[in-house]
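J.: Dropping the structure in here first, questions after.
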Amino acid sequence: MKYVTCYFITALSNECGQNEVFDFCGSSCEPSCRDPNPQTCTFQCVTGCRCKDGFLRNDKGRCVRNCGREFIALFAILSRSGGRY
1 MKYVTCYFIT ALSNECGQNE VFDFCGSSCE PSCRDPNPQT CTFQCVTGCR CKDGFLRNDK
61 GRCVRNCGRE FIALFAILSR SGGRY
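This is the structure in structure tokens:
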């Protein structure tokens with residue numbers, strides 16, 4: 001029996017959006033406006049587009065430099081309360 005290795009790429013480098021870059025082995029825990037510093041993450045490689053350095057993914061799926069005050073305030077409250085809301 002012969003085994004064949006298959007690779008599935010979910011996006012091509014020219015398909016990434018504004019402020020995104022293509023990565024063959026990116027983190028499965030991309031920083032976002034809701035969680036700018038994810039603490040729990042697997043070591044699983046994710047192939048696809050990720051936000052450029054200095055950008056975070058917002059709720060609309062776009063990479064933005066400034067998330068706005070409401071996200072920053074909520075994150076600060078949750079951080080101080082140990083994640084309890």
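For the sequence shown, position 46 (counting from the first letter as 1) is numbered 46 according to full-length UniProt numbering, and the numbering increases by one without interruption.
Backbone N, C-alpha and C fix where the C-beta goes; we use that ideal spot for every residue, glycine too.
#1: Identify every residue that forms a DSSP beta bridge with residue 23.
#2: Buried or exposed: residue 63, going by 16 or more other Cβ atoms within 10 Å of its Cβ?
#3: What does the alpha-carbon distance come out to for the pair residue 51 and residue 68?
#4: Counting C-beta neighbours from all protein chains within 10 Å, is the total for residue 41 16 or more, i.e. buried, or is it exposed?
T.: On the basis of the supplied data:
#1: 48
#2: Its Cβ being crowded by 16 or more others within 10 Å, residue 63 is buried.
#3: 17 Å
#4: exposed
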